[in-house]
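So the structure is just underneath, and the comments pick up after that.
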Amino acid sequence: MKCLIRTTFLLLILVGCKNNDSSQEYDSSANSDTSYSITGESSKKVTKVDTNINSVKKDNRDVLVEKENSSSTPALQGNYIKLGQEADLNCNCFCLDVNYTNNSELCLVEGKMYINVKFKKNQDGSTNVYYVNPSNKNTEGKDIPWTKFDRNMPIATIENIPNHQVKLDWLGFYINGDLAVDYAIYGKKTMEGNYKIK
């Protein structure tokens with residue numbers, strides 16, 4: 000009799016373990032989104048699928064590769080013209096030549112004052128603009144303390160906006176970490192605004 004009770008008890012433990020393991024499993028097929036708990040209650044699982052990720056076999060390993068998103072905004076590089084100033088076809092003052100390897104020229108006062116700048120892309124996709132030096136073609140601005148302007152603080156930021164356009168926000172020049180208020184107006188009127196690819 001003891002042997003029968005022990006055998007029954009062992010069978011109950013085995014069946015209980017088997018049920019416990021199967022209650023934690025769930026159907027991983029694409030059509031199932033329900034899992035079951037030990038109590039038999041079901042709960043819906045919400046699964047978000049990232050359509051920009053592909054799994055690629057590499058050296059017998061699955062490697063996740065991000066697909067190029069065709070609907071994303073274009074890379075911020077090239078020649079842009081300020082909206083409302085499209086008549087400036089020769090880019091005398093209202094254009095941006097965004098180039099991450101060479102310096103570009105920006106117009107502070109049309110026909111009179113220009114500076115050389117460099118562009119640095121940020122991780123969020125925006126771009127900082129840094130002052131390098133005054134342009135050789137300046138006819139004004141000899142009394143401006145160009146050598147005191149900070150070259151490590153951005154004077155403007157550029158970001159992508161809808162409709163394949165970019166927006167330039169003019170920040171101004173800095174001296175010793177402080178905004179050079181007397182020179183903040185230079186570039187604000189001519190450079191700040193929205194641009195489209197030329």
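Using numbering that gives the first Met the number 0, the letters of the sequence shown map in sequence onto residues 0 to 197.
For glycine and all other residues, C-beta sits at the position ideal for the given N, C-alpha and C.
By the 10 Å Cβ neighbour count, where 16 or more other Cβ atoms means buried, how is residue i classified, buried or exposed?
{"i": "Ala86", "result": "exposed"}
{"i": "Gly176", "result": "exposed"}
{"i": "Ile143", "result": "buried"}
{"i": "Val62", "result": "Summary for Val62: the model assigns pLDDT 46, below 50, so the residue's position carries little reliability; its value from the coordinates is reported in the next sentence. That one is exposed."}
{"i": "Val64", "result": "Confidence is the limiting factor: at Val64 the pLDDT is only 42, short of 50, which leaves the residue's position unreliable and the question unanswerable from this model."}
{"i": "Thr138", "result": "exposed"}
{"i": "Ile157", "result": "buried"}
{"i": "Leu88", "result": "exposed"}
{"i": "Ser70", "result": "With a pLDDT of only 39 at Ser70, under the threshold of 50, the placement of this residue in the model should not be trusted; the figure read from the coordinates follows. Label assigned to Ser70: exposed."}
{"i": "Asp181", "result": "exposed"}
{"i": "Ile184", "result": "exposed"}
{"i": "Lys141", "result": "exposed"}
{"i": "Ala155", "result": "buried"}
Looking only at C-alpha atoms, which of the options sits nearest to residue i?
{"i": "Gln164", "options": "Ile80, Lys195, Asn121", "result": "Lys195"}
{"i": "Leu178", "options": "Lys197, Phe148, Leu95", "result": "Phe148"}
{"i": "Asn91", "options": "Val97, Gly77, Lys111, Asn101", "result": "Lys111"}
{"i": "Leu107", "options": "Gly77, Trp145, Lys187, Lys119", "result": "Lys187"}
{"i": "Asp96", "options": "Asn115, Asp168, Asn78", "result": "Asn78"}
{"i": "Val131", "options": "Phe172, Asn121, Lys117", "result": "Lys117"}
{"i": "Pro133", "options": "Asn101, Asn115, Asn89", "result": "Asn115"}
{"i": "Asp123", "options": "Asn159, Asn102, Ile80", "result": "Asn159"}
{"i": "Lys119", "options": "Ile174, Phe172, Gly192, Asn151", "result": "Asn151"}
{"i": "Glu146", "options": "Gly192, Asn121, Tyr173", "result": "For the sequence presented, residue 146 should be read as Thr rather than Glu. The residue with the shortest Cα to Cα distance from Thr146 is Tyr173."}
{"i": "Glu109", "options": "Asn101, Gln84, Asn193", "result": "Gln84"}
{"i": "Phe93", "options": "Ile80, Glu104, Ala155, Lys197", "result": "Ile80"}
If the criterion is Cβ atoms closer than 7 Å, does the pair residue i and residue j meet it?
{"i": "Tyr113", "j": "Lys136", "result": "yes"}
{"i": "Leu75", "j": "Thr126", "result": "yes"}
{"i": "Pro153", "j": "Tyr129", "result": "yes"}
{"i": "Met190", "j": "Leu170", "result": "no"}
Return no unless some Cβ of chain C is closer than 7 Å to the Cβ of residue i.
{"i": "Pro161", "result": "Going by chain labels, chain C is absent from the structure shown, which holds only one protein chain."}
### Query
Whole beta strand (DSSP E) runs in the stretch 118-182 with 3 or more residues, listed along the chain?
126-133, 153-160, 164-169
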